[in-house]
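Letter by letter, the sequence shown follows residues 125 to 255 of the working numbering. Every residue gets a Cβ at the ideal spot worked out from N, C-alpha and C, and that includes glycine. Notes follow once the structure below has been shown.
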Amino acid sequence: MKPLFIPLLISFLFLGLTSRSQSVTEKDFRLMIDGKIYSDTVNLITVSDLLKMKTVTVNFTWINVKSLVIYYQPAFCEASIQRCTTNILCNDAKDLTKKMKPGDIVGISADEAVNRQGVKVYIKEVFFRIK
């Protein structure tokens with residue numbers, strides 16, 4: 125009886141892992157900034173903390189962020205948009221912080237993110253309110 129139990133246990137574990145990997149959808153993909161996942165709501169941040177941010181990744185290692193878009197929306201003004209061609213917040217995007225004031229909104233989005241097969245995937249944006 126024992127020799128049959130171990131192969132059955134391994135089979136159930138394998139089936140459980142494969143069914144879990146198939147249930148992942150785009151709604152599960154979350155941007156990570158320097159390894160931290162932020163909430164779906166608007167997050168509060170200081171300009172100095174925003175300047176410290178560097179690398180943007182995704183909570184699944186098999187997704188590669190190729191470029192970023194940073195949105196800056198001051199109160200009662202048009203939005204400024206800056207694109208970075210890597211997954212690192214570029215200096216041009218950080219230059220936007222010179223204009224930022226408390227209450228302004230900043231969004232960080234994966235402009236282009238691909239899976240291992242090279243298929244583009246959508247990742248939820250992260251929004252911050254300057255405090």
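Practice prompt. Pick out the complete beta strand (DSSP E) segments inside the stretch 154 to 234, 3 residues or longer, and give them in chain order.
Written response: 155 to 157, 167 to 169, 180 to 182, 188 to 197, 204 to 208
Worksheet item: In three-state DSSP terms, what is residue 150?
Response: As a working mapping, residue 150 is identified with position 26 in the sequence shown. Three-state DSSP puts residue 150 in a helix.
Discussion item. Which residue wins for smallest C-alpha separation from residue 203, given the options 223, 191, 215?
Written reply: Stepping through the sequence shown from its first residue, residue 203 is reached at position 79. Considering only alpha carbons, the answer is 223.
Discussion item. In the DSSP output, what is residue 248 paired with across the bridge?
Written reply: One-based indexing of the sequence shown puts residue 248 at position 124. Beta-bridge pairing links residue 248 to 154.
Practice prompt. Within 10 angstroms of the Cβ of residue 189, are there 16 or more other Cβ atoms? Answer buried if so, exposed if not.
Written response: Here residue 189 refers to the residue found at position 65 when the sequence shown is read from its first residue. Looking at its Cβ environment, which holds 16 or more other Cβ atoms inside 10 Å, residue 189 is buried.
Discussion item. Quick check on residue 250: buried or exposed, where buried means 16 or more other Cβ atoms within 10 Å of its Cβ?
Written reply: As a position in the sequence shown, residue 250 is number 126, starting the count at 1. Flag for residue 250 reads buried.
Discussion item. Please report the straight-line C-alpha distance between residue 243 and residue 166, rounded to a whole angstrom.
Written reply: Start at 1 with the first residue of the sequence shown, and residue 243 comes out as number 119. Start at 1 with the first residue of the sequence shown, and residue 166 comes out as number 42. Whole-angstrom Cα-Cα distance: 29 Å.
Item to complete: Report back the beta-carbon spacing between residue 193 and residue 235 to the nearest angstrom; my notes put them in contact at under 8 Å.
Response: Residue numbering aside, residue 193 sits at position 69 when the sequence shown is read from its first letter. Residue numbering aside, residue 235 sits at position 111 when the sequence shown is read from its first letter. Between residue 235 and residue 193 the Cβ distance is about 4 Å, and since that is below 8 Å, they are a contact.
Worksheet item: How many angstroms separate the CA atom of residue 183 from the CA atom of residue 208?
Response: On the sequence shown, position 59 is the one that residue 183 refers to. On the sequence shown, position 84 is the one that residue 208 refers to. Distance between the alpha carbons of residue 183 and residue 208: 20 Å.
Item to complete: Quick one: residues in its chain with C-beta nearer than 6 Å to the C-beta of residue 156, no 5 flanking neighbours on either side, listed in chain order?
Response: Here residue 156 is taken as the residue at index 32 of the sequence shown, counted from 1. If we look at residue 156 and ignore the five residues flanking it on each side, its Cβ neighbours are 181, 183.
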